[in-house]
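Chemist: Let me begin by handing over the structure; questions about it come next.
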DNA sequence: AATCAACCCAACCGCTCCTTC
DNA sequence: TGAAGGAGCGGTTGGGTTGAT
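Numbering (full-length UniProt numbering), first residue to last: 1 to 242.
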């Protein structure tokens, strides 16, 4: 029983994508945009599952992807965000323009985990290894993430700030706002620059024209948009507590 | 040069969440 | 209100590549 499969497995290709398949997918999305993934393969003449097409596009073919090695700054940012968000790779990816959740997840598992371990830091709890070992015997969850936030949000917030005082975590929940909204209406998307979205307004990292995206004392109705909730980088749904 | 192990990363799988009816 | 469909997410796997012996 259970759900019907997302596609007819018997007539779909699996495994590595060929150049021809890539070209077909790119051509189709250029012509029609990212529409319904389920129906896309048939429409594009691809013998692939819709999920497979989506993954291929998002992780590999999207034109805005940044290829190449991670910088030291990206490393540190990933570590910092992981300490706050846990394994919420899509949320973390939302803060790293041009990087995908899959890419960051792979990079975490292959590089950063080891890097943290070599520093004597538990990559799961972001605490010193000996301390992490001790607390794990304590049965008390110590990971600071949204997964544990619902029960003790206030406590977590203060702990997060304690560890990352440079990150402004005045989170606000607002209705989803899609980046292409402005595009669709012909307007220019006014999302904050990367620096601003990390709470670095007026710093050297801020490259935007100082759009007021709400520091805590900034815009009256909008709080600070740390996770890009208003800028459309992320959808507020992603922040739901488990 | 051959073999083996470790590493890397693209892709798959199964699940959850959201939307629609 | 609940069921079904679709999209997205995170964990895992498998094949290719690289480095060591």
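Here a beta-carbon is modelled for each residue, glycine too, at the ideal position from N, C-alpha and C. These figures come from a predicted structure and were not determined experimentally.
Of the residues 64, 92, 61, 30, which one's Cα is nearest the Cα of residue 76?
Modeler: Against the first chain, residue 76 aligns to sequence position 76. Among 64, 92, 61, 30, the Cα nearest to that of residue 76 belongs to 92.
Chemist: For residue 44, tell me which candidate among 58, 27, 51 has the shortest Cα-Cα distance.
Modeler: Here residue 44 is taken as the residue at index 44 of the first chain, counted from 1. Of the candidates 58, 27, 51, the one whose C-alpha sits nearest the C-alpha of residue 44 is 27.
Chemist: Please classify residue 41: does DSSP put it in a helix, a strand, or coil?
Modeler: For the purposes of this step, residue 41 is taken as the residue at position 41 of the first chain. Helix, per DSSP.
Chemist: Quick check: the Cα distance between residue 30 and residue 94, rounded to an integer number of angstroms?
Modeler: Taking the first residue of the first chain as 1, we reach residue 30 at position 30. Taking the first residue of the first chain as 1, we reach residue 94 at position 94. Going from the Cα of residue 30 to the Cα of residue 94 covers about 23 Å.
Chemist: Grab the span of the alpha helix (DSSP H) containing residue 116 for me, first residue to last.
Modeler: Taking the first chain and counting its residues from 1, the one referred to as residue 116 is at position 116. DSSP places residue 116 in the uninterrupted alpha helix (DSSP H) bounded by 113 to 118.
Chemist: With a CB to CB cut of under 6 Å and the five nearest residues on each side skipped, what residues in its chain are close to residue 65?
Modeler: Taking the first residue of the first chain as position 1, residue 65 is located at position 65. If we look at residue 65 and ignore the five residues flanking it on each side, its Cβ neighbours are 98.
Chemist: Can you give me the C-alpha to C-alpha distance between residue 38 and residue 121, rounded to a whole angstrom?
Modeler: Residue numbering aside, residue 38 sits at position 38 when the first chain is read from its first letter. Residue numbering aside, residue 121 sits at position 121 when the first chain is read from its first letter. Their Cα atoms are separated by approximately 43 Å.
Chemist: For residue 55, report the span of its alpha helix (DSSP H) as first-last.
Modeler: Here the question's residue 55 lines up with position 55 in the first chain. Its alpha helix (DSSP H) spans residues 50 to 56.
Chemist: Report the CB separation of residue 78 from residue 58 in whole angstroms; it is logged as a contact under 8 Å.
Modeler: The residue given as residue 78 occupies position 78 in the first chain. The residue given as residue 58 occupies position 58 in the first chain. That pair is no contact at about 18 Å.
Chemist: Please say whether residue 25 and residue 46 have beta carbons closer to each other than 8 Å?
Modeler: Taking the first residue of the first chain as position 1, residue 46 is located at position 46. Taking the first residue of the first chain as position 1, residue 25 is located at position 25. At the C-beta level, residue 46 and residue 25 come within 8 Å of one another.
Chemist: Using a 10 Å radius around the Cβ and a threshold of 16 neighbouring Cβ atoms, would you call residue 18 buried or exposed?
Modeler: Numbered from 1 along the first chain, position 18 holds the residue referred to as residue 18. Exposed, since its Cβ has fewer than 16 Cβ neighbours within 10 Å.
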